[in-house]
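Position 208 (the sequence shown) corresponds to 209 in my numbering; numbering is contiguous. Built from N, CA and C at the ideal position, the CB exists for glycine as well. Okay, so here's the structure we're looking at.
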Amino acid sequence: MSDPTNDDVPEDDAPADPQAPPPAVAPPVVAEPPFPRKAAQKKKLFLAVNLSIATTRKIGDALTAMKRAAEGRMRVAWVPQANLHVTLKFLGYANEEVADQIRDVVLSGIKSRKAFEIGARGTGTFPADPTAARILWLGVQDPSGMLGKLAADVDRWTEKLGFPKETKPFHPHVTLGRVKDLKDPKAVEELLSTYKTNDFGTSLVREVILYESSVTSKGSEYTGLARMPLDAPPYRAERQTREVEGEDSKDEEPEPHGGHREGI
């Protein structure tokens with residue numbers, strides 16, 4: 002067998018020329034990491050209706066008196082006047098895209114409905130036993146049945162978006178406070194009995210509000226994300242509500258309120 006020539010030797014195996022400069026080395030290719038996409042922040046949502054300005058102020062006055070009467074007997078996280086509301090459905094956490102879908106489905110469902118009146122009267126607790134109370138509430142009257150129908154429809158519409166269907170009967174109320182420490186077992190019953198027969202007036206429901214609930218250093222804060230108006234209100238109901246509110250408050254917008262079937 003003849004000796005191989007240089008042409009027969011693979012290039013990689015050829016002896017290196019000691020006089021040749023070192024081969025250029027390409028810098029390593031570093032893959033740039035993809036720009037981190039910010040995760041969609043979920044919001045804690047609920048649907049509610051507001052009370053009239055006059056009714057809200059009357060309840061606020063009652064809350065001030067309740068706070069004084071409760072001192073030393075129980076510790077309560079009282080709901081600020083600006084957060085008073087009637088919850089239709091507590092939705093929980095959802096992203097912004099779903100919030101838009103909630104707005105659209107509710108708006109589509111209520112746009113042809115007339116406004117209606119609700120009343121605020123009576124007090125109670127969850128659970129019903131005042132010695133084991135966790136929630137103090139003010140009752141809401143629904144003489145036309147329209148509030149209950151609205152809540153049932155909202156439950157049905159949002160179920161189609163993936164939200165759980167309510168399992169408890171709708172109990173319209175305004176949450177006044179959450180009991181943290183009940184030092185005197187008789188305190189709750191005595192406190193609420195003072196307002197059991199008080200009539201806090203009527204409110205004309207003209208819109209449904211989608212609220213975001215967030216916790217701040219000052220407590221819960223409710224932000225209206227969407228207001229979904231009902232159709233034009235009945236003239237008589239509108240007039241009655243304006244008489245209650247007074248001429249000075251005709252054009253005032255209700256303050257943001259906020260709430261859950263048993264708690265917000």
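Cα atoms of R104 and R69: separation of roughly 40 Å, rounded to the nearest angstrom. By DSSP's assignment, T217 forms a beta bridge with G220. With three or more CB-CB distances shorter than 8 Å, the segment 128-140 counts as touching the segment 189-201. The residues L89, F171, in chain order, have a CB closer than 6 Å to that of A152 in the same chain once the five nearest residues on each side in sequence are set aside.
Cβ-Cβ separation between V87 and A63: approximately 16 Å, too far for a contact (criterion under 8 Å). Assignment of V106 by DSSP, reduced to helix, strand and coil, places it in the helix class. Taking the CA atoms as reference points, G93 sits about 10 Å from P165. Of P128, L193, T56, R207, the smallest CA-CA separation from A71 is found for L193. For K45, there is no enclosing alpha helix (DSSP H); the residue is part of the beta strand (DSSP E) that begins and ends at 44-50. Here the alpha carbons of G163 and E222 stand approximately 25 Å from one another. Going by DSSP, G120 is part of the beta strand (DSSP E) stretching over 117-127. Short of 6 Å from the beta carbon of T56, and not among the five residues preceding or following it, lie these beta carbons of its own chain, in chain order: A121, F201, G202, S204. Within the same chain, and ignoring the five residues on either side of K59 in sequence, the residues whose Cβ sits closer than 7 Å to its Cβ are F201, G202.
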